[in-house]
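Chemist:
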Amino acid sequence: MQVRWESLYTMIICIYMLKQNSMLTNALGTGMRKINEYYEHSAESNAHLVAMVLIPNKKLLHFRDTWDYQAVQDAIKTLQNVFVEQYNSLNKDSLAVQGKSKAKAKAFSV
Numbered sequence: 001m002q003v004r005w006e007s008l009y010t011m012i013i014c015i016y017m018l019k020q021n022s023m024l025t026n027a028l029g030t031g032m033r034k035i036n037e038y039y040e041h042s043a044e045s046n047a048h049l050v051a052m053v054l055i056p057n058k059k060l061l062h063f064r065d066t067w068d069y070q071a072v073q074d075a076i077k078t079l080q081n082v083f084v085e086q087y088n089s090l091n092k093d094s095l096a097v098q099g100k101s102k103a104k105a106k107a108f109s110v
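According to UniProt numbering, the sequence shown is numbered sequentially starting from 1.
1) Between Leu24 and chain D, is any beta-carbon pair separated by less than 8 Å?
2) So, helix, strand or coil for Asp74, using DSSP?
3) Check whether the Cβ atoms of Thr25 and Leu18 lie closer than 8 Å to each other.
4) Any idea what DSSP makes of Ser45, helix, strand or coil?
5) Is Lys59 helix, strand or coil when you go by DSSP?
6) How long is the line joining the alpha carbons of Gln70 and Leu49, rounded to whole angstroms?
7) What is the C-beta distance between Val72 and Phe63, in whole angstroms, given that I count them as a contact (C-beta under 8 Å)?
8) Tell me which residues share the same chain as Lys58 and place their Cβ nearer than 8 Å to its Cβ, disregarding the 5 neighbours each side in the sequence.
9) Below 7 Å CB to CB, which residues in the same chain sit around Ser7 once its five sequence neighbours on both sides are set aside?
10) If Asn46 sits next to Thr66, beta carbons under 8 Å apart, how far is it from one beta carbon to the other, in whole angstroms?
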């Protein structure tokens with residue numbers, strides 16, 4: 001409970017300071033717009049999904065803890081597709097021998 005009050009107090013102080021300092025307010029607004037721009041660009045790539053799954057002690061935990069069920073399922077499906085595409089592109093010769101179904105089965109287990 002004390003942590004919440006401290007956070008609330010800090011937030012109130014920050015709001016007061018922002019109202020007193022228009023340069024700070026403008027700088028924070030500019031920073032937030034830039035963050036939103038980069039966030040929108042991250043949706044154009046699957047790199048963030050792959051990077052998060054490759055963290056050994058996290059794997060899919062972040063997704064399961066913070067995303068809704070359907071978003072997690074979509075992320076898993078996307079990761080499976082990315083892995084299979086990469087696996088297939090790196091192992092073209094061996095896939096010709098094995099067949100694609102075996103490669104897909106080995107590709108990703110959740």
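For every residue, glycine included, the Cβ atom is placed at its ideal position computed from N, Cα and C.
Everything numeric in this text was worked out from a predicted model, so none of it was measured.
Modeler: Taking the geometry as given:
1) Here there is only one protein chain, and chain D is not present.
2) In the sequence shown, residue 74 corresponds to position 74, counting from 1. Asp74 sits in a helix when the DSSP states are folded into three classes.
3) What you label residue 25 is simply residue 25 of the sequence shown in a count that begins at 1. What you label residue 18 is simply residue 18 of the sequence shown in a count that begins at 1. Contact flag set, yes.
4) For this step, residue 45 is matched to residue 45 along the sequence shown. Secondary structure at Ser45: coil, using DSSP grouped into helix, strand and coil.
5) On the sequence shown, residue 59 is found 59 positions in, with the first residue counted as 1. Note: Lys59 maps to coil in three-state DSSP.
6) Taking the first residue of the sequence shown as position 1, residue 70 is located at position 70. Taking the first residue of the sequence shown as position 1, residue 49 is located at position 49. Approximately 15 Å, taken between the alpha carbons.
7) Residue mapping note: residue 72 aligns to position 72 of the sequence shown, counting from 1. Residue mapping note: residue 63 aligns to position 63 of the sequence shown, counting from 1. Taking a contact as a CB-CB distance under 8 Å, the pair Val72 and Phe63 counts as one, their CB atoms being some 5 Å apart.
8) The residue you call residue 58 lines up with position 58 of the sequence shown. These residues qualify, in order along the chain: Met52.
9) By one-based count along the sequence shown, residue 7 stands at place 7. None.
10) Position 46 of the sequence shown, counted from the start, is the residue given in the question as residue 46. Position 66 of the sequence shown, counted from the start, is the residue given in the question as residue 66. Cβ atoms of Asn46 and Thr66 stay farther apart than 8 Å, at about 18 Å.
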